[in-house]
Structure formats: C-alpha cells, structure tokens
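**Q** Protein chains in written order, with the working numbering: chain A, 917 to 1121; chain B, 4 to 474.
Ideal Cβ placement from N, Cα and C applies to all residues, glycine included.
In this text, all values refer to a predicted model and were calculated from it rather than measured experimentally.
What follows is a single structure, and I will ask about it in a moment.
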C-alpha cells in the first residue's frame, strides 16, 4: 500500500448528504473478481444519462478536477449502505486518495483505511469552506503527520484521526502481515476459549 | 463496573489491546458469498497465505443466483464467472460449501441461523452489511469489507475500533397488522440513517421480548440502515429454543454450560449507554418509504412530504431530488401511489413467519390486473420447503404471485430479478436507494403484509383495513 503523508490538489466539491454505496458503485458492477477498473462506473447515476452516455456535466468529469483531483469533498454520512469494498476501489480508481466530509458511514470508513484512502471528518463549516475552495479552483493541502488541512487565505484546519490508523496509512503497512506476528497470542486465545466454550470448536478436527 | 452486552462480548474476544480503543478481536464465525470474497481469496494466493481456521467458515452463493430455471446456465456471463470463482475457491482452500442444489442454500443471513451457526456471544462477520441480522441471537455480528475478509481468513481476527453503546427501547404492544419491519422503519424514521453511526444498538423493552426470532432478525437486519454496524437483542428462551438441535448447536453434554454462559451476556441492569432512544410500540402504524433513503418513511395513513417540510437546505434539496426520481408529488396521499411490482423476500423479510404473514393477507384474493410481476422469494430452500408443507405456495400461486427459489433476488440488481426504469416496487427489502432494484427502479420499503396488500389493491393500502378473510 502506498504511504500517505501530504496531498495537494484542487478538491472536487460533491457536498451531497447520505451518498450511499449504490451511488458510488451500482450493484451490477460488483460482479467483477478484480479490484481495479471500477472508476469508469463510479457515481454512474450522477455522471451518465439514461442511455448510458457520459454527460461530462458532473463535477467529476469537469475541469479542473477530471484526471487530476485527488481530494474529494463530500456530504454528511458519506458511504452509507452496503459493505462493498468496491466503493473505495472505485474511488481509488478515479484517482482520489482523501475524502473530507462531516461524517462517514462506519464500514465505508474502515474499508477506506485498508485501501490507503484518508477519510477526514470535520465540521460542516470547514467542509463548506473547502468545498468553496474547490469550486473556485483553489488548491488545498492535507497533511497527515500534523493532522491539518490548509485551505485558501492560509486558513489551517486541524482534524482528529485515530493514531493506529494514522500509523497504518503513513507507513503503508501490510496489516495482515503485522497481525500474523501475533499468531502466538491468537493461538493462546483459542486454547483458552476452547476450554471455556468447547461447543465453539465442535467442527474443528 | 456494570457492562452492556456489547462490552461483555467485546471483552471476551480481545486477543490484544492496541490502545486508543483499538483491539485485535477474535472472530468465531465467518459467512462468505460469491460477491465480496473473490478478491480476498486472490489476496491470500498472491501472498501464499492460507486460511487459519476453515472450520469457522461457511460459503453460500446468494446475490447472483437466479430464482428460477436453475437447471439452465446462468443467463449472465459475469454472474456465472463470479459463482464459478466461489466454487473454485472453496475447493482450493477447503471451505464447507452449500451449493445451489442443496436444500439449505439461501441468503447467508437466513442460512447462518438455520444451521445454528449463529449463537449468543459469538463474534460473527460476513462481507455484507446485513450481517447485523445475526445480532438477533445476542451475537456481535457485523458486515466487513473484502480486505477484512482476507484479514479474517488469514488470522481469524480483525483489528477493530470499539463502538459506542446505544439502546433503543420499545415498550408496549405492537398493533395488529404491524410487524418488526414497521418497527424497524419507525426507528430509522426517528433517528435517521446516521443515527446509529459509531454505535452498536441493543434493542430492549417488552415489544422486543414479544418478537419472535424471525421478527428480531428483521429488526437487527436493518440496524445498518440506521448507521449502526451491529444491532443486538439479549438472548432468552426463544433464542435457546431456536438453536437447540441445529447442526452447529452445542451438543447434549455442552448445552447447559452454553445456556448458562448465554444467560450471563445480558446487559447489567445499571449499565450506561452513550445514547438512548425510546419508542412506544402501540403508536406504530404500517410504514411506507417514499424517498431514496430508508429514513424517508411515513405511516401508510400519511402523505408524501414537501421539501419545505424540512428545515435544512441540504435536506430540502435531497427531498426535491427524491420526489423527482420517485415520480411523486408533494402532498399526495401514500394510498394514492400505484405500484407495478411486488417483491417479498431479501435477508430482511424472507423467513417462514414473513411468508405466513403475507399468505394470511393474500388468501382467497388476486393481485391487481396491472401488476407486472409479483415475486415471493423464500430466504432459503428450507424456508421454501416449510412453506410448501404449510400450503403457502398454493395460496400465493392462486392469487397470481410467483413462487421462486431462494436467493437475494430483487433486493439488488445483481441477478435476473430486476425492476425496469420508472417501475414502482412494493418491496420487503431494506434499501430504497437510487437504482437499487435495477437502473431507474423505484422502491418503496414495506412489511410483507403491506407489500402483498399493495399487490392486491394495486396501490398502497392500510393492511389493517383490508379484509383479510380471517376471523
């Protein structure tokens, strides 16, 4: 996973509330057995017309965002709905590495961390300020080490972020590889649980 | 210090505390299906890793499976490929698999409980947000993404952040004609789709105790629609009776110890919850959603709202958009909304009790002439068999409904069961998102009784006033 430190970009303003995972990536595209190539279908109902033609009117497809914006400014409860990791895969495939919103749905936010996407929750007025910067074509900078966002006019906003997730993102760690180092602790847990709740192990041979 | 049920199950599964509310949590049960697992298996392969504990996993195909003509090849090549990938992976990695031809095959969240895999106090995951369903048994069950599936495959653990505790207390008697679905929708209407974000919901109160296991599953299923990754109900005799004798249940010599452990899981009387919500069940009336978020819900006796009914500018805009997409006019009565299709099924409402509830309304009636298709899709082969033993299939077929094989069906547009652009569905599923049941489809979420009642009347109707022909 790519390491995350700072990111500078004109952010894409998409401040709609309750954007669900079916909007981010509709179910028919979940039939893939790969993680890549979902970007063209991302936000399909927003970007394509009834005939399946890309309208070019959606913010994602307009200058100066298309092909270069790496920061998405979203609305409240972004990513609600299903657990499909295809949602962050699609967003990654579009080129985004950071999403800023008033709040995120839990599973979506967790899926983002695993894919190196930084999700930042800040107050609505901060989101509005940054969305306006995006609308005006101004760059903003997200700095994970100092947990700050620099907007226009030198405005600095700080944000909270879980320290464990911060370490993961900044080091681009293989989480599974790390957990496997705790194999002994996992085995010890299982041995203990097998004594107290043997019925949970009826199927193990 | 007093503890909630969630606190207790969490503590009992901590392998390592990593600080800042994060811990490595042991996972007891893992359900997989064809849609979210292929990339996780691929991840294992790329790193040369194996499954830590295959005995904890069951695989069932559900999202892509056709609900009719199963002897024919799958009509969609990419669905077929995804299903074939699961067939291949379960063999390569040694996972117990319940194929389409097995009578136990069904929607993962129907199959898990039927196997007795779902038990109080277990941690249970699946790459599907409706895994919250299993909390009905007092399990800590939640949906995960594919990276977490892979993590769980390799380590039988997940690195999780502890959630906050929320309690939704529902006291009083649920009126006749209302069911757990109406309760779930009423709760979401009250707290909103973000109301439970960051929390695990425990449902408590006399109305919850009165619910059957099926009803509790419906309620916990929709916790995610309120933003909560898990919902749970304290286990009781109903829970124990449901589990007893099932394939994965504790054996005779283990049963008493298991039950006494299960009884110890209930939240302590003086446990403190971060958030409390209360509802009176007797106030609940049959619910119908009108918009593109499950929180867009009103009683069947109500009207489609106007954007100006809402204070915030963003909500006003969202309402305006939803009314346009849904083809509705502000102020029109819910009962005036004509429907084109009926769908009774999904992990929310496809269990035997749901089918009985629907059949009681349908008995001796016919669906309205203009209905394009009315599907009854049992949640598993076992539910289907049980319903057929009770003669429910005959009741549905005589009324003009189709009687299908088990699967996710029209809940989401991944298999042949879809609604066309502009078509309006009275649906017992869980999400009314834009395009959820097919591009341009219009979904109204309702209970099984309300869905079939709408099919008979041709428009939404208060099932309490519809003559059911029953005494």
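#1: Using a 10 Å radius around the Cβ and a threshold of 16 neighbouring Cβ atoms, would you call residue 4 of chain B buried or exposed?
#2: Would you decide whether residue 472 of chain B is buried or exposed? Buried here means 16 or more other CB atoms lie within 10 Å of its CB.
#3: For chain B, find out if any of its Cβ atoms is closer than 7 Å to the Cβ of residue 1105 of chain A; answer yes or no.
#4: Tell me whether residue 353 of chain B is buried or exposed, calling it buried when 16 or more other Cβ atoms sit within 10 Å of its Cβ.
#5: In this structure, how does DSSP classify residue 218 of chain B when only helix, strand and coil are distinguished?
#6: For the pair the region 176-191 of chain B and the region 23-39 of chain B, tell me if three or more CB-CB distances fall below 8 Å.
#7: With a threshold of 8 Å, are at least 3 pairs of Cβ atoms found where one atom belongs to the region 979-993 of chain A and the other to the region 1035-1051 of chain A?
#8: Taking only heavy atoms of the ligand ZN into account, decide whether any of them is closer than 6 Å to the Cβ of residue 426 of chain B.
#9: When you compare only the Cα positions, how much space is there between residue 331 of chain B and residue 237 of chain B?
#10: At 8 Å on the CB atoms, spell out the chain A contacts of residue 251 of chain B, in chain order.
#11: Out of curiosity, what's the CA-to-CA distance linking residue 970 of chain A and residue 1002 of chain A?
#12: In whole angstroms, what separates the C-alpha of residue 318 of chain B from that of residue 209 of chain B?
#13: Just curious, the beta strand (DSSP E) that residue 256 of chain B is in, first and last residue?
#14: Applying a beta-carbon distance threshold of less than 8 Å, which residues of chain B neighbour residue 949 of chain A?
#15: What does residue 206 of chain B pair with, by DSSP beta-bridge criteria?
#16: Check whether the region 1092-1105 of chain A touches the region 231-251 of chain B, taking contact to mean three or more Cβ pairs, one atom from each stretch, closer than 8 Å.
#17: Find the residues of chain B that neighbour residue 1080 of chain A, judging by a C-beta separation of less than 7 Å, and give them in chain order.
#18: Is it right to say residue 180 of chain B is buried, meaning 16 or more other beta carbons lie within 10 angstroms of its own, or is it exposed?
#19: Helix, strand or coil, according to DSSP, for residue 964 of chain A in the structure here?
#20: For a cutoff of 7 Å on Cβ pairs, would you count residue 473 of chain B as touching chain A?
#21: In this structure, does DSSP put residue 1041 of chain A in helix, strand or coil?
#22: Quick one: Cα of residue 32 of chain B to Cα of residue 427 of chain B, how far?
#23: Contact defined as beta carbons within less than 8 Å: I believe residue 292 of chain B pairs with residue 300 of chain B. What is the distance between those atoms, to the nearest angstrom?
#24: Once you ignore the five residues that flank residue 214 of chain B on each side, which residues in its own chain have a CB closer than 6 Å to its CB?
#25: Are the CB atoms of residue 349 of chain B and residue 432 of chain B within a distance shorter than 7 Å?
#26: Does DSSP classify residue 431 of chain B as helix, strand or coil?
#27: Can you check which of these residues, B:457, B:394, B:335, is closest to residue 377 of chain B by C-alpha distance?
#28: What are the residues of the region 133-147 of chain B that lie near chain A, defined by any Cβ-Cβ distance shorter than 9 Å?
#29: What first and last residue would you give for the beta strand (DSSP E) that runs through residue 22 of chain B?
#30: Any beta carbon of chain A sitting closer than 7 Å to that of residue 8 of chain B?
#31: Under DSSP, the alpha helix (DSSP H) around residue 48 of chain B begins and ends at which residues?
#32: Are the C-beta of residue 158 of chain B and some C-beta of chain A separated by less than 7 Å?
#33: Whole angstroms is fine: what's the gap from residue 173 of chain B's alpha carbon to residue 287 of chain B's?
#34: Taking a Cβ distance cut-off of 9 Å, strictly less, list which residues of the region 986-1001 of chain A are near chain B, in chain order.
#35: Does the structure place the region 48-65 of chain B close enough to the region 195-209 of chain B that three or more beta carbon pairs sit under 8 Å?
#36: Can a CB atom of chain B be found closer than 7 Å to the CB of residue 1095 of chain A?
**A** Let me lay it out:
#1: exposed
#2: Only weak support is given to the placement of residue 472 of chain B: the predicted model assigns it a pLDDT of 44, under 50, and the value that follows is read from those uncertain coordinates. Exposed is the call here.
#3: yes
#4: buried
#5: helix
#6: no
#7: yes
#8: The ligand ZN is absent from the structure shown, which contains no ligands of any kind.
#9: 40 Å
#10: 1118, 1119
#11: 20 Å
#12: 34 Å
#13: Per DSSP, residue 256 of chain B belongs to no beta strand (DSSP E); it is in the alpha helix (DSSP H), 255-266.
#14: 41, 42, 45, 84, 85, 88
#15: B:171, B:236
#16: no
#17: 21, 23, 25
#18: buried
#19: strand
#20: With a pLDDT of 44 at residue 473 of chain B, under the threshold of 50, the modelled position of this residue cannot be trusted; read the value that follows with caution. Closer than 7 Å: no.
#21: helix
#22: 38 Å
#23: 5 Å
#24: 183
#25: yes
#26: coil
#27: B:457
#28: 133, 134, 145, 146, 147
#29: 17-22
#30: no
#31: 41-50
#32: yes
#33: 10 Å
#34: 991, 992, 993, 996, 997, 998, 999, 1000, 1001
#35: no
#36: yes
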